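Under my numbering, the residue at position 228 of the sequence shown is numbered 1587, and the numbers go up by one with no gaps.
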Amino acid sequence: MWKPTIAVAALALIGLSAAPLSADQNVLAELDAQLPGTLVNDPTRLDWESYGSDLERSVVQDEAIPGGGVAIRFDIKRADEFIYAAGTNVPLTKAVRRGDTITIGFYARAIGAQTHDRKGVLRVRFQQNAPPYPGFGEKTLSISNDWEWYEVTAEAEQTLRRQDGIVALHFGRTRQVLEIGQTIVVSGTGRIASDVPAAPTQPTAVPEPNPEPTPIPVVREEPLIPEALQGAGELLNDPRGSDWRVVGDMAAAEQREEPAIWLNRATRFTVSAPADDPGALSLAIPLNVSIEPGDNLLIAIAGRTEQAITSDRLARVDAKIDDLEPGRGNFAQAVFPLGEDWQLIRLRARSPRAYAPGRAELVLSFAGFAQIVDIGPVYVFRTEPTS
């Protein structure tokens, strides 16, 4: 295991605590003097606010734990569709001003994780711990099974105040056990450790004579429908987006990998200037199963706001189910806001008439406001069987 050089003399004086104790300010000042930038958290404390309905938190003490011999174990018993459903908050002790560089470094390992490579999944986000929880610098990390030092840096897009500035560590989308040890947050520098390993150069291949065949590993695939929607009804569409189509400027719709959301894919829609017709930039999702008059439908949309020029800085999405037969109109019209974190919007509707397979589609429109919107998996269920 690689161990970074981090102000060794000062860290030797610091004892980690999982209880709310006041740190020796002289010791923190000595550590601050040896670190690059300005120390903006208390590395002697691990009594962070933690949350999650299926989370167990415990203290682990072992001399083998790097950086102080103490860590917090987070046992996520059930995976949620959203990564922020469970997490912990590292509080700031000093303000970080907009435009400053902020960096967090911490020791962590994954004891066990239900992922294809058995590595843990953790997202770092710098944010205000108050509604509407604005933040920046999101980065999702793969956590090794051995103790490693991790760093994430960002330019502050907003001022983080001492009273409610935090670094949020999210890990709720994976059933896993993580241990997080000593954690340092600094401003004014993009690096904490002085000997972070450089990216490896392209290795020279060493031929191996007559290698034995390697068995193909069995990779656990995620179910198409997340646990929160299991049993909702009969699925009428493909939530993965294989047959979705963009209406309007194709360049304004960007396909993205998104580890924080179920199925790990999202589409980002960018509206530079609002249009009179919200449908000038839209996403059309075909409904591939016949629908009967009076069918009750549940529409579930995963989405989030990246940016929005609105009064509350939340994006607005127009939704409707369109009849592809000319002149027959639409139903299930709704306009809903999206927060900065991933959320699952649920809409309910009743079909006014019969639709043949593929003759109706769910349409999400974005062009009514200047905004950037991320849309993840979308589900349409028939919640009651036809008579």
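The beta-carbon is built from N, C-alpha and C at its ideal position, and this holds for glycine as well.
Nothing here was measured: the structure is a model prediction, and the numbers come from that model.
Quick one, which of G1717, L1703, Q1614, S1546 has its alpha-carbon nearest E1684's? For the purposes of this step, residue 1684 is taken as residue 325 along the sequence shown, with counting starting at 1. Minimum Cα distance to E1684 is reached at G1717.
Three-state secondary structure assigned by DSSP to A1489: Position 130 of the sequence shown, counted from the start, is the residue given in the question as residue 1489. In the structure shown, A1489 sits in coil (DSSP, three-state: anything other than H, G, I, E or B).
Closest by C-alpha distance to N1400, when choosing among A1454, N1689, F1495: As a position in the sequence shown, residue 1400 is number 41, starting the count at 1. Residue A1454 is the option with its Cα nearest to N1400.
With 16 as the cutoff for other CB atoms within 10 Å, does Q1535 come out buried or exposed? Counted from its first residue, the sequence shown places residue 1535 at position 176. Burial is judged here by how many other beta carbons sit within 10 angstroms of a residue's own beta carbon; Q1535 has at least 16 and is buried.
How is P1637 classed by DSSP in three states: helix, strand or coil? One-based indexing of the sequence shown puts residue 1637 at position 278. Three-state DSSP puts P1637 in a helix.
At which residues does the alpha helix (DSSP H) containing D1391 begin and terminate? The residue given as residue 1391 occupies position 32 in the sequence shown. Under the DSSP assignment, D1391 falls in the alpha helix (DSSP H) whose first and last residues are 1384–1393.
Alpha carbon to alpha carbon, how far is L1656 from T1629? Give it in angstroms, no decimals. Your numbering for residue 1629 matches position 270 in the sequence shown. Your numbering for residue 1656 matches position 297 in the sequence shown. The alpha-carbon atoms of T1629 and L1656 are separated by roughly 29 Å.
Pull the bridge partners of P1621 from the DSSP assignment, please. Within the sequence shown, residue 1621 is the residue found at index 262, counting from 1. Sequence check: residue 1621 is Trp here, not Pro. Beta-bridge pairing links W1621 to no other residue.
Is V1429 buried or exposed, if buried means 16 or more other CB atoms sit within 10 Å of its CB? Start at 1 with the first residue of the sequence shown, and residue 1429 comes out as number 70. Counting the other Cβ atoms within 10 Å of the Cβ of V1429 gives 16 or more, which makes it buried.
Under 8 Å by Cβ, that's how I've got G1531 and F1465 pegged, so tell me the actual separation to the nearest angstrom. Within the sequence shown, residue 1531 is the residue found at index 172, counting from 1. Within the sequence shown, residue 1465 is the residue found at index 106, counting from 1. Between F1465 and G1531 the Cβ distance is about 18 Å, and since that is not below 8 Å, they are no contact.
Residue interval of the beta strand (DSSP E) (run including H1529): Looking up residue 1529 in the sequence shown gives position 170. Residue range 1524–1529 is occupied by the beta strand (DSSP E) that includes H1529.
Given a cut-off of 8 Å on the beta-carbon distance, is the pair E1510 and I1463 in contact? Here residue 1510 refers to the residue found at position 151 when the sequence shown is read from its first residue. Here residue 1463 refers to the residue found at position 104 when the sequence shown is read from its first residue. Yes, the Cβ-Cβ distance between E1510 and I1463 is below 8 Å.
For K1611, which three-state DSSP category applies? Here the question's residue 1611 lines up with position 252 in the sequence shown. Looking at the sequence provided, one finds Ala at residue 1611 rather than Lys. Three-state DSSP puts A1611 in a helix.
Would DSSP call I1650 helix, strand or coil? For the purposes of this step, residue 1650 is taken as residue 291 along the sequence shown, with counting starting at 1. For I1650, the three-state secondary structure derived from DSSP is strand.
To the nearest angstrom, how far is it from the Cα of D1733 to the Cα of F1690? Reading the sequence shown from its first residue, position 374 is the one you call residue 1733. Reading the sequence shown from its first residue, position 331 is the one you call residue 1690. Rounded to the nearest angstrom, the two C-alpha atoms are 24 Å apart.
Over what stretch of residues does the beta strand (DSSP E) that includes F1695 continue unbroken? In the sequence shown, residue 1695 corresponds to position 336, counting from 1. Residue range 1689–1697 is occupied by the beta strand (DSSP E) that includes F1695.
Taking a contact to mean a Cβ-Cβ separation below 8 Å, would you say Y1738 touches I1620 in this structure? Within the sequence shown, the letter at position 379 stands for residue 1738. Within the sequence shown, the letter at position 261 stands for residue 1620. No Cβ-Cβ contact shorter than 8 Å links Y1738 with I1620.
Within 8 Å, do at least three Cβ pairs link the region 1721–1729 to the region 1623–1640? As far as the Cβ criterion goes, the region 1623–1640 touches the region 1721–1729, which means the pair count is three or higher.
Just checking my contact of I1435 with A1469 at CB under 8 Å: how many whole Å lie between their CB atoms? One-based indexing of the sequence shown puts residue 1435 at position 76. One-based indexing of the sequence shown puts residue 1469 at position 110. With 8 Å as the limit, I1435 and A1469 do not qualify as a contact, their Cβ atoms being about 11 Å apart.
To the nearest whole angstrom, what separates the beta carbons of V1526 and V1545, a pair I think is in contact under 8 Å? Along the sequence shown, read from residue 1 onward, the residue named residue 1526 stands at position 167. Along the sequence shown, read from residue 1 onward, the residue named residue 1545 stands at position 186. Taking the Cβ atoms as the reference, V1526 lies roughly 11 Å from V1545, outside the contact range of under 8 Å.
Would L1697 and R1663 be called neighbours here (beta carbons separated by less than 8 Å)? The sequence position of residue 1697 within the sequence shown is 338, counting from 1. The sequence position of residue 1663 within the sequence shown is 304, counting from 1. Yes, Cβ-Cβ distance for L1697 and R1663 is below 8 Å.
If you measure between the beta carbons of A1643 and P1736, is that distance less than 8 Å? The count along the sequence shown starts at 1 and reaches residue 1643 at position 284. The count along the sequence shown starts at 1 and reaches residue 1736 at position 377. Taking the C-beta atoms as reference points, P1736 is found no nearer than 8 Å to A1643.
Going by DSSP, name the residue or residues bridged to Y1443. Translated into the one-based positions of the sequence shown, residue 1443 becomes position 84. DSSP output for Y1443 lists no bridge partner at all.
Where L1583 falls: helix, strand or coil (DSSP): On the sequence shown, residue 1583 is found 224 positions in, with the first residue counted as 1. Coil.
Taking all protein chains shown into account, do 16 or more other C-beta atoms lie within 10 angstroms of the C-beta of D1421, making it buried, or fewer, making it exposed? The residue you call residue 1421 lines up with position 62 of the sequence shown. So D1421 ends up on the exposed side.
Give the DSSP-derived three-state secondary structure of L1588 in the structure shown. If you number the sequence shown from 1, residue 1588 lands on position 229. In this structure, L1588 counts as helix in the three-state DSSP scheme.
Given this structure, state the Cα-to-Cα distance separating G1540 from S1649, to the nearest angstrom. Locating residue 1540 in the sequence shown gives position 181, counting from the first residue. Locating residue 1649 in the sequence shown gives position 290, counting from the first residue. One alpha carbon belongs to G1540, the other to S1649, and they sit about 54 Å apart.
Output yes or no for whether 8 Å exceeds the beta carbon distance between A1659 and R1705. Taking the first residue of the sequence shown as 1, we reach residue 1659 at position 300. Taking the first residue of the sequence shown as 1, we reach residue 1705 at position 346. Yes.
Between the alpha carbons of P1402 and R1477, how many angstroms are there, rounded? Within the sequence shown, the letter at position 43 stands for residue 1402. Within the sequence shown, the letter at position 118 stands for residue 1477. Each residue's CA atom was taken as its position, placing P1402 and R1477 some 28 Å apart.
Using the three-state DSSP reduction, which class does D1459 fall into: helix, strand or coil? In the sequence shown, residue 1459 corresponds to position 100, counting from 1. Residue state, collapsed to three classes: coil.
What are the partner residues of D1682, as DSSP defines its beta bridges? The residue labelled residue 1682 in the question sits at position 323 within the sequence shown. Paired residues: A1719.
Nonlocal neighbours in the same chain, by C-beta distance under 7 Å from L1451, ignoring five residues either side: As a working mapping, residue 1451 is identified with position 92 in the sequence shown. For L1451, where only same-chain residues beyond five positions count, the Cβ hits under 7 Å are V1399, N1400, L1519, R1521, G1524, I1525, V1544.
Between G1651 and I1731, how many whole angstroms is the CB-CB distance? I'm expecting something under 8 Å. Here residue 1651 refers to the residue found at position 292 when the sequence shown is read from its first residue. Here residue 1731 refers to the residue found at position 372 when the sequence shown is read from its first residue. With the sequence shown as reference, residue 1651 is identified as Glu, and Gly is not the correct amino acid for it. Not confirmed; about 38 Å, so no contact.
Give the C-beta separation of L1680 and L1721 to the nearest angstrom, bearing in mind that I take them to be a contact with Cβ-Cβ under 8 Å. Position 321 of the sequence shown, counted from the first residue, corresponds to residue 1680. Position 362 of the sequence shown, counted from the first residue, corresponds to residue 1721. Correcting the residue type first, residue 1680 is Ile in the shown sequence and not Leu. That belief holds up - the Cβ atoms of I1680 and L1721 are roughly 5 Å apart, short of 8 Å.
Helix or strand or just coil, what does DSSP make of W1407? Numbered from 1 along the sequence shown, position 48 holds the residue referred to as residue 1407. Coil.
Top-ranked residue by Cα proximity to S1601, from G1592, R1624, P1582, M1609: Locating residue 1601 in the sequence shown gives position 242, counting from the first residue. Among G1592, R1624, P1582, M1609, the Cα nearest to that of S1601 belongs to R1624.
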